[in-house]
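With positions in the sequence shown counted from 1, the corresponding number in this note's numbering is that position plus 871. Glycine residues also receive a C-beta, built at the ideal position from the N, C-alpha and C atoms. Note that this is a predicted model, so its numbers are computed, not measured. Encoded as structure tokens, the structure appears first; notes follow it.
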Amino acid sequence: MSCGKHHGRDENCVCDAVEKILAEQEAVEEQCPTGCYSNLLSPTVTGKDTIPFLLFDKKGGLFSTFGNVGGFADDSQCFESIFFRAERVCDCCATLSILRPVDVHGDTLSVCHPCDPDFFGLEKTDFCIEVDLSCFSAIQCLSPELVDRPAPHKEKKHHG
872 MSCGKHHGRD ENCVCDAVEK ILAEQEAVEE QCPTGCYSNL LSPTVTGKDT IPFLLFDKKG
932 GLFSTFGNVG GFADDSQCFE SIFFRAERVC DCCATLSILR PVDVHGDTLS VCHPCDPDFF
992 GLEKTDFCIE VDLSCFSAIQ CLSPELVDRP APHKEKKHHG
């Protein structure tokens, strides 16, 4: 898996960022929720162990992939996603899990743009992809609050 020139290990900021994201996720899983560890995932927010992110190719386009191709898992449909979670990194090659985009009702969406008006949140999946992080020019971290985001409560109108 090569994307052209191989620079020195210290010259890949995307690889470094994904390694730091992975370290932050692992720190939350290992640290006491009341500890003083300062990280991207607030240790006071329980259940948040994912820093979702976007990857951009060398031309500035969003990287996307597909999950549940064929619709075999969880009685769910195939979906396209641009959202990822770091699972493992070794020598700038990473295993990323594909985060499933959902609407406000929790229904699966295919999302090719982060500002899609139907996009509401993300769900973790077991669908993974192996990538060469040196193939990307930029990474954008997103709010951990997007993962397993609770649907807003709508107030009932009282007629009277």
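Check, Outcome
"As assigned by DSSP and simplified to three states, the class of Leu-926", "strand"
"Start-to-end residues for the beta strand (DSSP E) that takes in Ile-969", "964 to 969"
"Reduced DSSP category for Gln-896 - H, G, I as helix; E, B as strand; rest coil", "helix"
"Pair within 7 Å by beta-carbon distance, Gly-967 and Phe-955", "A small correction: the amino acid at residue 967 is Leu; Gly does not occupy that position in the sequence shown. Closer than 7 Å, so yes."
"Beta-carbon proximity list for Ala-965, same chain, < 6 Å, skipping 5 on both sides", "Val-889, Val-1002, Leu-1004"
"DSSP state of Asp-1003 mapped onto helix, strand, coil", "strand"
"Beta-carbon proximity of Phe-934 to Asp-928, cut-off 7 Å", "yes"
"For Pro-1036, the three-state DSSP class (helix, strand or coil)", "The chain is shown only over 872 to 1031; residue 1036 falls outside these bounds and no answer can be derived."
"Cβ pair Leu-925, Gln-1011 closer than 7 Å", "yes"
"Rounded C-alpha distance that separates Asp-887 from Pro-1023", "36 Å"
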